[in-house]
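In the working numbering, the protein residues as written are 5 to 291. Cβ coordinates follow ideal geometry from the N, Cα and C atoms, glycine included. The structure appears right after this line, and notes come after that.
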Amino acid sequence: MTASFIPKHPVVTASPKKPEVFSEAEAMTAFLKEKGMDAACGSLYDEELRKRVRKGEFDMLVAVGGDGSVLRASHLCAPSSVPILGVNLGRIGFLIQIDRNEWREYFEKLFNGEAWVENRMMVRAEHIRAGENLGSFNALNEAVVARGQNLRPVRLTALVDGLPLTSYVADGLIAATATGSTAYALAAGGPILPPELRNILLVPIAPHLSVDRAVVLSEGSSVSIVVKSENAVLSVDGQPPTPLMEDDHVDVTVADVTAQFVRFGDPGYFYRNLTSHMNENSLGFPR
5 MTASFIPKHP VVTASPKKPE VFSEAEAMTA FLKEKGMDAA CGSLYDEELR KRVRKGEFDM
65 LVAVGGDGSV LRASHLCAPS SVPILGVNLG RIGFLIQIDR NEWREYFEKL FNGEAWVENR
125 MMVRAEHIRA GENLGSFNAL NEAVVARGQN LRPVRLTALV DGLPLTSYVA DGLIAATATG
185 STAYALAAGG PILPPELRNI LLVPIAPHLS VDRAVVLSEG SSVSIVVKSE NAVLSVDGQP
245 PTPLMEDDHV DVTVADVTAQ FVRFGDPGYF YRNLTSHMNE NSLGFPR
C-alpha cells in the first residue's frame with residue numbers, strides 16, 4: 005500500500021509566454037490558498053523561483069502545460085526530491101494524469117489524502133572525448149545519438165557494461181528509460197515498458213542493414229555509444245543538440261536522482277492513460 009501524500013508548500017508553474025496557461029496556473033494557486041496551503045505561483049524559467057525549488061522551499065511543484073513542461077520540471081525537481089503534479093493543457097500528456105477540466109476534482113483528492121508519490125528512474129548521459137568529460141546531462145525520457153543535418157546515416161558501436169553489443173548504421177540510437185519508452189522510442193518502434201522498471205532501453209532509428217530490434221538491458225547495466233563517423237549529435241530529452249566528433253562516446257548510466265510524480269488511484273492509471281492517448285491518435289480506430 006502506497007503512503008498518502010499531502011503537501012503544505014506547493015508552487016504552481018507555467019510558461020508566461022502562454023497567457024491562457026499562466027492564467028489557469030494563477031487560478032490553481034488561488035484555489036490552493038483558499039484551502040489553507042502556503043502556495044506560490046511563477047514561471048518555470050524564472051531563476052529566482054528555480055533557486056527556491058533547489059533549496060527545497062516547496063514540497064510539491066505543479067507543472068501546468070504539456071509533457072515538455074513536465075520534462076523541464078523533472079530536471080529541476082529531481083535533485084531536490086520535489087514531487088511533480090502535472091496538469092495537461094498541452095496536446096498529448098503521456099506523463100500527465102490530470103486534464104485541464106479536472107484539476108479542481110483532483111486537488112480535492114489531494115487534500116483528502118488520496119494522492120501517492122511515484123518514483124521514476126532517470127538516466128545520466130556523459131559526453132566523453134579523449135578521456136575528458138565534456139558534459140553530463142540527466143534525462144527522464146532519453147539520450148539520443150543521431151545524425152545531424154547531413155542526411156547520411158551515422159555509424160555507431162554500442163557497448164554494454166564495457167563489452168561489445170553490436171554496431172549500427174542508422175539515423176541514430178536511443179537510450180531510453182521506461183518513461184521514455186512512450187516517447188521517441190515508441191515512435192521508433194520500441195516496446196512500451198511499465199514505468200516502475202529501472203532498465204535502459206536501446207532502440208535504433210531507421211537502421212540500415214543493422215540490428216533493427218530494441219534491446220532491454222538488465223537492471224543496473226550501462227551503455228556506451230561510440231561514434232564511428234562524422235556528423236553525429238547528442239540530444240537529451242529533446243534539448244538542443246550537442247555536436248559529436250568521431251571516436252567520441254556517450255556513456256549512459258542510471259542517474260543517482262529520481263523523478264517523483266504525484267499520482268491518484270491504483271498504479272493501473274498508467275495503462276488507462278496510455279490507451280486513452282493511443283486511441284486519440286488512432287484515426288477512427290474503434291475505442
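In the DSSP assignment, find the alpha helix (DSSP H) that holds residue i and state where it starts and stops.
i: P23; result: P23 to E38
i: A77; result: D71 to C81
i: R58; result: E51 to R58
i: A134; result: No alpha helix (DSSP H) contains A134, which DSSP labels as neither H nor E.
i: R108; result: W107 to F115
i: A191; result: Y188 to A191
So, under 8 Å CB-CB, residue i and residue j are touching, yes? Tell me the CB distance rounded to an integer number of Å.
i: V164; j: V227; result: 5 Å
i: G194; j: A218; result: 4 Å
i: P87; j: F268; result: Not really, about 13 Å apart at Cβ, beyond 8 Å.
i: L36; j: A43; result: 4 Å
Is residue i near residue j, with beta carbons less than 8 Å apart?
i: V231; j: D251; result: yes
i: N92; j: R76; result: no
i: G60; j: G94; result: no
i: Y188; j: E146; result: yes
i: V215; j: T161; result: no
i: L205; j: S222; result: no
i: A259; j: R54; result: no
i: H13; j: D50; result: no
i: A18; j: V68; result: yes
i: A119; j: F26; result: no
i: N235; j: R156; result: yes
i: L65; j: C81; result: yes
Determine the extent of the beta strand (DSSP E) in which residue i is found, giving its start and end residues.
i: E146; result: E146 to R151
i: L238; result: A236 to V240
i: H13; result: That residue, H13, is in no beta strand (DSSP E); it is neither H nor E in DSSP.
i: T181; result: Taken as a continuous stretch (DSSP letters only), T181 belongs to no beta strand (DSSP E), as it is neither H nor E.
i: L205; result: L205 to I209
i: V158; result: V158 to V164
i: G90; result: I88 to N92
i: L167; result: L167 to A174
i: S47; result: A44 to S47
Where residue i and residue j are concerned, what is the direct C-alpha to C-alpha distance, given to the nearest angstrom?
i: H131; j: V254; result: 5 Å
i: S47; j: P11; result: 20 Å
i: V16; j: P199; result: 25 Å
i: A7; j: M125; result: 19 Å
i: A263; j: F274; result: 16 Å
i: D270; j: R159; result: 44 Å
i: V57; j: H212; result: 45 Å
i: I229; j: F141; result: 15 Å
i: D175; j: G90; result: 32 Å
i: L248; j: A179; result: 16 Å
i: I196; j: V220; result: 11 Å
i: T183; j: I209; result: 18 Å
i: F111; j: G166; result: 47 Å
i: I102; j: R108; result: 10 Å
i: G272; j: P20; result: 34 Å
i: R202; j: Q153; result: 33 Å
i: V240; j: E122; result: 22 Å
i: V148; j: L99; result: 19 Å
i: G40; j: L278; result: 34 Å
Q | Ordered list of beta strand (DSSP E) runs contained in the segment 219 to 269, each at least 3 residues | A | Runs found: 227 to 231, 236 to 240, 246 to 248 and 253 to 268.
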